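Asker: Each residue of the sequence shown is one higher than the last, beginning at 10 in the numbering used here.
Yeah, the Cβ is synthetic: ideal placement off N, Cα and C, and Gly gets one too.
Model, not experiment: these values are computed from the prediction.
What follows is a single structure, and I will ask about it in a moment.
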Amino acid sequence: MVICTPLFSVPAMAAPDARALLKESETRHRTKTQQYSGDLTVVNKEGKVRKKGWNSYRQGYAGDSKNLIRFTDPPEVKGVGFLSLPRPGSDNPDQWLYLPSMKRERRIAPQDRDASFVGTDFNYEDMEEFDHEKYKVSLQGEETIDGQPCWVITAIPLEKGSKSIYQKLVLYLRKDILYLVREDLVRKGEKEPAKRLVLSDIKNVEGHYVAARMEMTDLKKGSHTTVTLKQISFNRPQPASRFTLQNLTREGGD
């Protein structure tokens, strides 16, 4: 999910280049795997609250990552699974959603990339990890976010093998550790951000920085979804069978 985009310190330079920052960060801080349990809270514009829990597993990083999410509660979503696998020859991954009530998986079609992910403010494209190689990036300036000086980088989809629903992303990277703390998402044909992802409660876990709290706000609808990460770990071996359709459709699978 837009969920894993940590960017860290690079050598000081007078006029940083956006691509150089992103490349160096990925080279230095790529992790083989990541897993965590998450508490998810959805608040709609009327203030109605819905809570969910899930377990998340990742193998690989950015453009080559495999991801599995399994909902654990409440009962109406328990067992719902989401699988994302890189697709050869395309910048867009293959994605499937498994619904226990249907006893089968459903492949996410390209036209459904803007659909809500299991009733949250994330859509299916938001569930992809950010890969700077899919974008034309440029440094736009500096801004202070929550008292922290940040670099501001604009990322525009290259539109080669991908079909993004966004016209551009605006990334805010903390200068001291070059960690992503905010991402504004601008839809095609629009000038102002439609959604905003804020990453906070940054921790150092097993030598890796990670935001233990992520909040996606739909700036038009007035709703927001918060994910709190727990039991975070990196570089733990993952079973080869975990990231398969067979496992996705297995009751109680993880």
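Are the CB atoms of L31 and V146 within a distance shorter than 8 Å?
Answerer: yes
Asker: Enumerate in chain order the residues of its own chain whose CB-to-CB distance from N53 is below 6 Å, with the five nearest sequence positions on each side excluded.
Answerer: S232
Asker: Determine the burial state of L167: buried for a count of at least 16 other Cβ atoms within 10 Å of its Cβ, exposed for fewer.
Answerer: exposed
Asker: Pull up the distance between the alpha-carbon of L254 and that of G150, whole angstroms please.
Answerer: 44 Å
Asker: Could you tell me whether the region 173 to 193 touches the region 57 to 77, where touching means 3 or more Cβ pairs closer than 8 Å?
Answerer: no
Asker: Mind checking whether T258 and E114 have CB atoms under 8 Å apart?
Answerer: yes
Asker: Would you mind sorting A21 into buried or exposed? The rule is 16 or more other CB atoms within 10 Å of its CB.
Answerer: Any reading at A21 needs caution, since the residue's pLDDT is 47, under 50, leaving its predicted position unreliable; the model's value is listed next. Exposed.
Asker: At the level of alpha carbons, what is the spacing between I241 and N101?
Answerer: In this structure, the alpha-carbon of I241 lies about 26 Å from that of N101.
Asker: Name the one or two DSSP bridge partners that T153 has.
Answerer: P158
Asker: Q120 lies in the beta strand (DSSP E); which residues open and close that run?
Answerer: Q120 -> no beta strand (DSSP E), and no H or E assigned at all.
Asker: Can you give the Cα-Cα distance for D121 and T226, rounded to whole angstroms?
Answerer: The alpha-carbon atoms of D121 and T226 are separated by roughly 20 Å.
Asker: Quick check: the Cα distance between V207 and L189, rounded to an integer number of angstroms?
Answerer: 9 Å
Asker: Here's a check: name, in chain order, each residue in its chain whose Cβ is nearer than 8 Å to the Cβ of S46, leaving out the five neighbours to either side.
Answerer: Closer than 8 Å at the Cβ level, and outside the excluded window around S46, lie G62, W63, N64, S65, T81, L238, K239 and Q240.
Asker: In the DSSP assignment, find the beta strand (DSSP E) that holds L178 and state where it starts and stops.
Answerer: Boundaries of the beta strand (DSSP E) around L178: Y175 to R183.
Asker: Taking only the alpha-carbon atoms, compute the straight-line gap between R79 and R37 and give it to the nearest angstrom.
Answerer: 29 Å
Asker: Give the single residue among D210, R251 and L49 whose Cα lies nearest to the Cα of T129.
Answerer: L49
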